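Have a look at the structure below before the remarks.
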Amino acid sequence: MKMNNFENPRDIINKEGLASEEKIAPIENAKVAQEQLSEIKSDFVKSKVLQKEISDKIDKYINDLSDAMKSQEHYQKELELHELQAELTSIIFRIEDKIEQLKFILSAMNKIKDLNQISTQN
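This note's numbering puts the first residue of the sequence shown at 22, with every later residue one more than the last.
Following this line, the structure appears as structure tokens:
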């Protein structure tokens, strides 16, 4: 019994005179099972495509996260560098202040020395 894909199994069976339910049900069940199998295969292919897309998105997310972490580390190092530069600048200013104080003290000591020499000469 040859079945055309466009004909209903009941019509084929009725043409051949085999219209009992025992003969029709297995053919209809086989057709339904074949359609379900096709749907399952289609869903399986779709799931593989979605799985690949998800895997690609996860890889991209991991790469983006890694790049962000590297950027954060770079930013953190720059921040630490700026903090060290600020601390160094503060130290330099304190040293310059101390130098100015020492210059003043040295100048005062020289004046005292000069005054002592003048007073010992007189």
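Ideal placement from N, C-alpha and C gives every residue a C-beta, glycine not left out.
Fair warning: this is a prediction, and the values are worked out from it, not measured in the lab.
Close-in-space but distant-in-sequence residues of the same chain around residue i (CB under 8 Å, 5 per side omitted)
{"i": "residue 131", "result": "none"}
{"i": "residue 136", "result": "none"}
6 Å CB neighbourhood of residue i in its chain, flanking five on each side removed
{"i": "residue 92", "result": "none"}
Beta-carbon proximity list for residue i, same chain, < 7 Å, skipping 5 on both sides
{"i": "residue 67", "result": "none"}
Residue i (DSSP reduced to helix, strand or coil)
{"i": "residue 23", "result": "Because the pLDDT of residue 23 is 49, which lies under 50, any placement of that residue in the model is unreliable, and the number read from its coordinates should be weighed accordingly. Coil."}
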